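Notes follow once the structure below has been shown.
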């Protein structure tokens with residue numbers, strides 16, 4: 490179940506509009522998330538991007554500005570852009586070695602088109618995917634909200650909600666109420682559960698303090714299931730997400 494309209498650089502490279510694209514640097518960053526696509530042909534863009542954009546450029550700014558290609562790329566990385574796509578042509582036909590070095594160092598995908606490409610085709614294709622995924626995400630959340638409400642009206646509502654979260658997220662769910670018995674879905678043997686609950690209580694008190702009224706929603710990652718207190722051991726299992734309290738209208742997935 491996708492609760493975020495996540496699109497990665499790797500996903501995009503499989504689209505037909507990218508059949509002639511070539512990743513020349515930053516190949517370890519192909520799992521970077523893309524939230525939007527933006528054409529950027531200016532050297533000063535401090536307020537023009539929000540982060541996680543795929544940037545399209547012909548390189549014209551390198552010819553018309555005193556800013557170097559390296560400084561342009563560094564600013565994109567600093568502002569958390571997802572990747573940079575350069576079209577070879579009249580303005581740009583060679584990638585300087587320092588751009589490749591910077592992109593590799595920061596795992597920032599640097600993609601080139603050696604032939605002319607219609608940027609409008611890229612933006613139309615990817616934006617339609619992003620918008621459709623967002624629409625389906627909202628549908629899923631609405632259905633989940635209705636199911637939460639239905640389960641709260643039944644006996645054992647809390648456990649039923651936790652089990653549904655486990656089925657939807659395929660991740661173990663831990664419920665640590667302020668008062669009452671903790672729950673783990675799926676269940677483990679009693680000794681493992683007690684060790685885990687004890688560890689989580691201590692971790693929660695250390696992170697948020699004792700008696701805090703707020704309801705934290707950050708997932709907790711543990712180094713191993715069998716001995717949660719031994720850092721650096723185990724298989725690095727993800728035993729989140731969990732909350733101190735669980736309210737169907739605000740549960741974070």
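In this note's numbering, the protein residues as written are 490 to 742.
The C-beta atom is built at its ideal place from N, Cα and C for all residues, glycine as well.
It should be emphasised that the depicted structure is a prediction, and the values quoted were computed from it without experimental measurement.
Tell me the rounded alpha-carbon separation between residue i and residue j.
| i | j | result |
| --- | --- | --- |
| residue 547 | residue 631 | 42 Å |
| residue 544 | residue 624 | 24 Å |
| residue 569 | residue 537 | 12 Å |
| residue 674 | residue 652 | 6 Å |
| residue 502 | residue 596 | 16 Å |
| residue 682 | residue 655 | 16 Å |
| residue 666 | residue 559 | 52 Å |
| residue 618 | residue 669 | 44 Å |
| residue 601 | residue 614 | 18 Å |
| residue 680 | residue 524 | 44 Å |
| residue 645 | residue 533 | 57 Å |
| residue 581 | residue 620 | 32 Å |
| residue 515 | residue 556 | 22 Å |
| residue 664 | residue 629 | 23 Å |
| residue 678 | residue 504 | 47 Å |
| residue 616 | residue 585 | 30 Å |
| residue 687 | residue 500 | 41 Å |
| residue 719 | residue 633 | Confidence at residue 719 is low in this model, with a pLDDT of 36, below 50, so the placement of that residue should be treated as unreliable; the coordinate-derived value is given next. Using only the alpha carbons, I get a separation of about 36 Å. |
| residue 579 | residue 520 | 31 Å |
Could you round the C-beta distance between residue i and residue j to whole angstroms and report it? I think they count as a contact, below 8 Å.
| i | j | result |
| --- | --- | --- |
| residue 571 | residue 522 | 6 Å |
| residue 576 | residue 550 | The Cβ separation is near 13 Å, so there is no contact. |
| residue 562 | residue 583 | Not really, about 15 Å apart at Cβ, beyond 8 Å. |
| residue 506 | residue 650 | At roughly 42 Å, the Cβ-Cβ gap does not stay under 8 Å, so residue 506 and residue 650 are not in contact. |
| residue 496 | residue 622 | 7 Å |
| residue 604 | residue 539 | Actually they do not touch by this definition, with Cβ atoms about 30 Å apart. |
| residue 528 | residue 599 | About 17 Å separates the two Cβ atoms, so there is no contact after all. |
| residue 672 | residue 648 | 6 Å |
Could you tell me if residue i is buried or exposed, where buried requires 16 or more neighbouring beta carbons within 10 angstroms of its beta carbon?
| i | result |
| --- | --- |
| residue 526 | buried |
| residue 676 | exposed |
| residue 518 | buried |
| residue 498 | buried |
| residue 535 | exposed |
| residue 485 | Absent from the model: residue 485. The displayed extent of the chain is 490 to 742, so no value can be given. |
| residue 542 | buried |
| residue 755 | Any property of residue 755 remains undetermined from this structure, which presents the chain solely from 490 to 742. |
| residue 442 | What the structure shows of the chain is the stretch from 490 to 742, and residue 442 is not part of that stretch, so it cannot be assessed. |
Give me whichever residues DSSP pairs with residue i in a beta bridge.
| i | result |
| --- | --- |
| residue 522 | 497 |
| residue 560 | Its beta-bridge partners do not exist; DSSP assigns none. |
| residue 672 | 664 |
| residue 531 | DSSP, once it has assigned bridges, lists no residue as partnering residue 531. |
| residue 512 | 600 |
| residue 545 | 528, 574 |
Using 6 Å as the cut-off, classify the Cβ of residue i as near or not near the heavy atoms of the ligand FAD, replying yes or no.
| i | result |
| --- | --- |
| residue 504 | For the ligand FAD, the structure offers nothing, since it holds no ligand at all. |
Using a Cβ cut-off of 7 Å (strictly closer), state whether residue i contacts chain D.
| i | result |
| --- | --- |
| residue 588 | The structure shown contains no chain D; it is built from a single protein chain. |
Problem set entry | the stretch 637-646 contacting the stretch 657-665, beta-carbon criterion three pairs below 8 Å | no
Do the stretch 559-569 and the stretch 578-596 meet, that is, are 3 or more Cβ pairs less than 8 Å apart?
yes
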